[in-house]
Structures are given as structure tokens and as C-alpha cells.
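>
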Amino acid sequence: LFKIKATNEGREGENISNLKKGNAKRAFKSIRTIGTDNENTRREMIVQSMAGLTAEAAWRQAVSTAAMAAGPSVLPETTIETLESGRAAIIPNFVSSSDCEILRQDLRACFDSNQFTNFVYSKGVANKKAVRTANGKDMDIWQMQSFVKATGADGPFASPNLGNFDARQSLKARMAQVKAQLGQNLYDRPSMLADQANTHEIEYLRYGAGSSLQRHTDEHHIELLYPGGSVRSKKPNASRRSITWLIYLNEADWDAEKDGGQLRLYERERPSQNPVGARGKDLQIGWLKNSPEEQPVFLDPNYSGDKGVDQQQSCMLFTLDPKSKERRNLSSQPFPNAALYVAGGDAVARNFMVDSSDDASRFHLIDAPKSLLTAKFSNSDGGEKVRDVTPRMGTLVMFDSVSMPHEVLSTNRERVGVQGWFHEKLV
11 LFKIKATNEG REGENISNLK KGNAKRAFKS IRTIGTDNEN TRREMIVQSM
61 AGLTAEAAWR QAVSTAAMAA GPSVLPETTI ETLESGRAAI IPNFVSSSDC
111 EILRQDLRAC FDSNQFTNFV YSKGVANKKA VRTANGKDMD IWQMQSFVKA
161 TGADGPFASP NLGNFDARQS LKARMAQVKA QLGQNLYDRP SMLADQANTH
211 EIEYLRYGAG SSLQRHTDEH HIELLYPGGS VRSKKPNASR RSITWLIYLN
261 EADWDAEKDG GQLRLYERER PSQNPVGARG KDLQIGWLKN SPEEQPVFLD
311 PNYSGDKGVD QQQSCMLFTL DPKSKERRNL SSQPFPNAAL YVAGGDAVAR
361 NFMVDSSDDA SRFHLIDAPK SLLTAKFSNS DGGEKVRDVT PRMGTLVMFD
411 SVSMPHEVLS TNRERVGVQG WFHEKLV
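Take any residue in the sequence shown, count from 1 to its spot, add 10: that is its number in the working numbering.
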């Protein structure tokens, strides 16, 4: 994994030397003409492009290098279509068993040396005691972050002085390749490749036996986070989570029935007719179900009605025509922003936010309150389908951070892996 030997001689060695010296343009020009069929060589070049840089600069350089280095895809052909349809892309054996063993040893050594922080206490949760109780066994969930989002400071995952730094750098190089390919091919996500700060969100994750994590989504429309959030001034280089990814590092003998710990995905029963997630600054907050396929519904928080833009009443839901792709608003006039904070879930949303009775009957909020249902039943709107993913060693799982609710079922043994998020610019 770490002592990669170039199979081609001469010019490939020169490429790596150029990257070490910071002469990226010369190396990139040569990468495009020779050596790109060798996956190990490409990854070594990405690793070398990060040498000597801070964690933040290294990640941005790795993604840039990966985007410029031509070569075969590291992802299956169906990955883009799967993600855009609102489903999770699940790729078994993405990381080899030997590489998983190296990373697992590093994870445990770092955990034993107290480099991890508790999941709740690193998230700025207000009612920490309630959250810990709700998520099983006093929240025995721990993470080792690449950077601290609140301050932008590097975390222990990015430290060259802790554990097997080479192993983590090689993994980051591979995930930089994944991010580059997604940024180049996913619909309407050009800023995924933007050179901006605070986007290297990667971390080791460890669940102790008895732990679980409640249903949630990883990213939300800013208007759902803060009243009037869309008109607040943004920090320079503000970004949001776009694609969630996880790689499991558990032992090969993991038994789903005995060990538990499955990732439970709440996918839609039918694939989406249009790419999910966002249209520019307008993030997805709901669905129109079974029409005959699902239609993602987006929130425009600054819509101008007949009376112009009223910041207290400027929200509009819209979808896209499956054939023409033209925008179709779900109401004739914008609704009050405060309606987004009214309890009641789908019933209230249908009453306040949607005009057509047909649309209202099919409308469903992604984060609407859910009744207690078992895996045998669909969600209350009749459009969800539970999918459980066993955390098998080496498996890569990816899904849209906005549109995919998910949870982690109770694990009966230590459950370990790496997780991260590919970011887009917040506009």
C-alpha cells in the first residue's frame, strides 16, 4: 500500500520528482502522455503531490492532481447513475483485505493512545446527555478527525507524527481520485472540485459494542438550520456536504445476524426521475412519490412573488418536469419561512406549502417525523424502502448527503471504519 514501485522507468520517476519539487505543470503534462494505465503510479503521484503541505492544502492538491491525471475510472460504470437516482452506491472490496488490516491496526493504535474524541462532544450538540442516552450505551462512539470544523485546525488524522501516516495518506489519495471523478461527472456539482478551504472532512470512526446511531441526514438546507439563514452573510469559502462516503475496516468474520451494526438506508422505493441533492443553491427537502418514479422537491428560499421578495415570506417549493426539465413551482405564491419550523411533518407541509391536491397527496419531507416502524414496513408516506448494509471489510458506501436518511443499528462488537464527506461550495 505504501511502498509502491513504479512499473515504468525513467519518465515516471521524473514525474514524481517534479511533484516533489513542486513542478506540478511539468508532471501533469507527462502524466497525460505516459504512465496513466498504472493505477499504483497515479496514486503515488497523488501522494507525492501532498508532501510537505498542511493537511488542508494537501487534500486540495490531491484532488487537483487526481482531476488532472487521466486514466481508467476507479469506480464502477453505474456509480454516477446510482447516486443521481437517489440510491446508495455500494462497492465491495474497494479496499483490499491487506490494506484494511494496516488501516485497522493504525486506527486501534491511535484509539489506544487517546487520539479519538467522543462523537457527541465533538459535534456541538446542545443536549448532550439526551443524545447520548438515545443513541445507545452512553454514546460509545468515537472519531479521529482530519480537522476541527469549528476552528479549521488540523486534527490527529492529518498529523504526520501519529501512527501510520503513510497509510492514511495513501487512503486520502485514493479518495481524492473518487472525489475528482464524481466532481467531473455528477450533474450540477462543479464546485466539488473547487480549490477552497475546510473540505478535507475525513475521520476514523469506532463504535463500541452496544452503540447505535439514530436516523438522520448529513446535510440540510440552510433555511432549515437557521430562520432566514439563506440571507445571512456567509464565511469565506463556506461549503456544505455533498456526498457521504464510508469504508468499513472490520474483521473478515463479521456476521450481520450475530454482530449487527448494519447501516440502515431509507431509500425511495422507486428511483428518482431527476438527479437528487440540489439545483444550485436550492437544496432538496422532499419528494413527490410514485409519479410513476420519484421526483425530488427543492426549496427556493428567496422567491419573488407578486409583491416582490419579502424575507419573511419568500419560500417556494419546486420540482423539474421529467421530460422538459423546466422548473414547476408547487404553489402560486411563496409561503412563510416560519412554516418550515411548524411541527406536524407531512400533514402541515402539504397544507402550507403545496397548492395542488394531487401534489399535496404525494409530497413528503425528507426529515418528516417518523412513526416507530420495523424494517418490514415502509415509511408513513408509503414511498420509502429500508435497505440494510452489512459493514463488511473493504466495502465503500456512498450516497447523497442531503437526500438519504440513514441510521446505524446496534452493534454487538467493536465496529470500525473510515468516513468522510465530499464538499461543494455554499452559494
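C-beta: ideal position from N, C-alpha, C; glycine also.
For the candidate residues Ala357, Gly173, Ala168, Arg53, whose alpha-carbon lies nearest to that of phenylalanine 157?
Indexing the sequence shown from 1 puts residue 157 at position 147. Answer by Cα proximity: Ala168.
> What is the residue span of the alpha helix (DSSP H) that glycine 193 lies within?
The residue you call residue 193 lines up with position 183 of the sequence shown. Segment 175-195, the alpha helix (DSSP H) holding glycine 193.
> From the DSSP secondary-structure annotation, give me the bridge partner or partners of glycine 448.
Given that the chain is displayed from residue 11 to residue 437, the structure contains no residue 448 and the question cannot be resolved.
> If you scan the stretch 80-134 from start to end, which runs of the alpha helix (DSSP H) of 4 or more residues do you find wholly inside it?
89-94, 107-122
> Nearest to threonine 51 by alpha carbon, out of Ser371, Trp264, Pro311, Thr75?
Sequence index remark: in the sequence shown, residue 51 carries index 41 (1-based). When only C-alpha atoms are compared, the closest one is Thr75.
> Could you tell me which residues DSSP puts in a beta bridge with proline 306?
For this step, residue 306 is matched to residue 296 along the sequence shown. Answer is Trp297.
> Going by beta carbon distance, what residues of the same chain come within less than 7 Å of serine 249, once the five residues before and after it are set aside?
Stepping through the sequence shown from its first residue, residue 249 is reached at position 239. Excluding residues within five positions, the ones whose Cβ falls inside 7 Å are Gln206, Asn208, Thr209, His433, Glu434, Lys435, Leu436.
> Tell me whether the beta-carbon of serine 440 lies closer than 8 Å to the beta-carbon of glycine 96.
Summary: the structure shown does not reach residue 440, with the chain confined to residues 11 through 437, and so no result is reported for it.
> Applying the 10 Å Cβ sphere with the 16-neighbour rule, what's the burial state of tyrosine 313?
Numbered from its first residue, the sequence shown carries residue 313 at position 303. Label assigned to tyrosine 313: buried.
> With DSSP run on the structure shown, which of helix, strand or coil describes isoleucine 44?
Within the sequence shown, the letter at position 34 stands for residue 44. Caution is warranted here: a pLDDT of 30 is assigned to isoleucine 44, below 50, making its placement in the model unreliable, and the coordinate value is therefore given only provisionally. It is coil, neither helix nor strand.
> Look at the alpha carbon of valine 130 and the alpha carbon of alanine 370, and state the distance between them as a whole number of angstroms.
For this step, residue 130 is matched to residue 120 along the sequence shown. For this step, residue 370 is matched to residue 360 along the sequence shown. Rounded to whole angstroms, valine 130 to alanine 370 spans 37 Å at the Cα level.
> On the three-state DSSP scale, how would you describe glutamate 66?
Counting from one through the sequence shown, the residue named residue 66 turns up at place 56. Glutamate 66: helix per DSSP, three-state reduction.
> Would you kindly work out how many angstroms separate the C-alpha atoms of glycine 239 and histidine 230, rounded to a whole number?
Taking the first residue of the sequence shown as position 1, residue 239 is located at position 229. Taking the first residue of the sequence shown as position 1, residue 230 is located at position 220. Distance between the alpha carbons of glycine 239 and histidine 230 is about 11 Å.
> Can you look up phenylalanine 432 in the DSSP assignment and give me helix, strand or coil?
Within the sequence shown, numbered from 1, the residue matching residue 432 stands at position 422. In the structure shown, phenylalanine 432 sits in a strand (DSSP, three-state: E or B).
> Does the distance from the CB of glutamate 303 to the CB of glycine 393 come in under 8 Å?
Start at 1 with the first residue of the sequence shown, and residue 303 comes out as number 293. Start at 1 with the first residue of the sequence shown, and residue 393 comes out as number 383. No, the Cβ-Cβ distance between glutamate 303 and glycine 393 is not below 8 Å.
> Name the DSSP bridge partner or partners of serine 282?
Counting from one through the sequence shown, the residue named residue 282 turns up at place 272. Glu304.
> Once DSSP output is grouped into helix, strand and coil, what is the label at serine 313?
Working through the sequence shown from its first residue, we reach residue 313 at position 303. Before going on, a small fix: residue 313 reads as tyrosine here, not serine. The answer is coil: DSSP assigns tyrosine 313 none of H, G, I, E or B.
> Using only CA atoms, which one of Ala119, Ser222, Ser366, Asp310 lies nearest to leucine 273?
In the sequence shown, counting from the first residue as 1, residue 273 sits at position 263. Of the candidates Ala119, Ser222, Ser366, Asp310, the one whose C-alpha sits nearest the C-alpha of leucine 273 is Ser222.
> Leaving out the 5 sequence neighbours to the left and right, which residues in its chain are closer than 7 Å to leucine 419 when beta-carbon positions are compared?
Residue 419 sits at position 409 when you count from the first residue of the sequence shown. Here the set comprises Ser222, Gly270, Gly271, Gln272, Arg274.
> From the DSSP output, in three-state form, read off leucine 419 for me.
Indexing the sequence shown from 1 puts residue 419 at position 409. Coil, per DSSP.
> Helix, strand or coil: which one does DSSP assign to arginine 372?
Along the sequence shown, read from residue 1 onward, the residue named residue 372 stands at position 362. Reduced to three states, the DSSP call for arginine 372 is helix.
> Under a CB-based cut-off of 8 Å, is threonine 227 close to chain D?
No chain D is present in this structure, which holds just one protein chain.
> As a quick exercise: from Leu309, Asn361, Met363, pick the residue whose alpha carbon is nearest that of arginine 337.
Taking the first residue of the sequence shown as position 1, residue 337 is located at position 327. Among Leu309, Asn361, Met363, the Cα nearest to that of arginine 337 is on Leu309.
> Could you check what DSSP says for serine 252 in three-state terms: helix, strand or coil?
Numbered from its first residue, the sequence shown carries residue 252 at position 242. Looking at serine 252 - three-state DSSP - the assignment turns out to be strand.
> To the nearest angstrom, report how far apart serine 180 and arginine 242 are at their CA atoms.
If you number the sequence shown from 1, residue 180 lands on position 170. If you number the sequence shown from 1, residue 242 lands on position 232. Roughly 39 Å between the two C-alpha positions.
> Assuming the contact rule is C-beta atoms closer than 8 Å, cysteine 325 and proline 306 should be a hit. Round their C-beta distance to whole Å, please.
The residue you call residue 325 lines up with position 315 of the sequence shown. The residue you call residue 306 lines up with position 296 of the sequence shown. Rounded, the Cβ-Cβ distance is 16 Å, inconsistent with contact.
> Since phenylalanine 373 and leucine 93 should fall inside the 8 Å C-beta cutoff, what is the C-beta to C-beta distance between them, to a whole number of angstroms?
Your numbering for residue 373 matches position 363 in the sequence shown. Your numbering for residue 93 matches position 83 in the sequence shown. Wrong, their Cβ atoms sit about 23 Å apart, outside the cutoff.
> Within its chain, find whatever has a CB closer than 8 Å to the CB of phenylalanine 362; leave out the 5 residues flanking it on each side and keep chain order.
Numbered from its first residue, the sequence shown carries residue 362 at position 352. Cβ within range, chain order: Phe345, Pro346, Ala349, Val352.
> Quick one, are the C-beta atoms of proline 285 and aspartate 377 less than 8 Å apart?
Taking the sequence shown and counting its residues from 1, the one referred to as residue 285 is at position 275. Taking the sequence shown and counting its residues from 1, the one referred to as residue 377 is at position 367. At least 8 Å separates the beta-carbon of proline 285 from that of aspartate 377.
> Okay, do the stretch 55-75 and the stretch 158-177 touch, 3+ Cβ pairs below 8 Å being the bar?
yes
> What is the DSSP secondary structure of glycine 239, counted as helix, strand or coil?
Here the question's residue 239 lines up with position 229 in the sequence shown. Looking at glycine 239 - three-state DSSP - the assignment turns out to be helix.
> If you run the structure through DSSP and keep just helix, strand and coil, what is arginine 199?
Working through the sequence shown from its first residue, we reach residue 199 at position 189. Under the three-state reduction of DSSP output, arginine 199 falls in the coil class, being neither helix nor strand.
> Which one of Glu277, Val188, Lys395, Gln155 has the shortest CA to CA distance from valine 83?
Here residue 83 refers to the residue found at position 73 of the sequence shown. Residue 83 is actually serine in this sequence, not valine. Of the listed residues, the one whose Cα sits closest to serine 83 is Val188.
> Skipping 5 residues on each side, what residues in its chain have a beta carbon closer than 6 Å to that of proline 332?
Locating residue 332 in the sequence shown gives position 322, where the first residue counts as 1. Within the same chain, proline 332 has close Cβ partners Gln283.
> Taking just the CA atoms, how far does alanine 204 sit from phenylalanine 175?
Stepping through the sequence shown from its first residue, residue 175 is reached at position 165. Stepping through the sequence shown from its first residue, residue 204 is reached at position 194. Rounded to the nearest angstrom, the two C-alpha atoms are 26 Å apart.
> Consult DSSP for lysine 335 and reduce its assignment to one of helix, strand or coil.
The residue labelled residue 335 in the question sits at position 325 within the sequence shown. Coil at lysine 335, not helix or strand.
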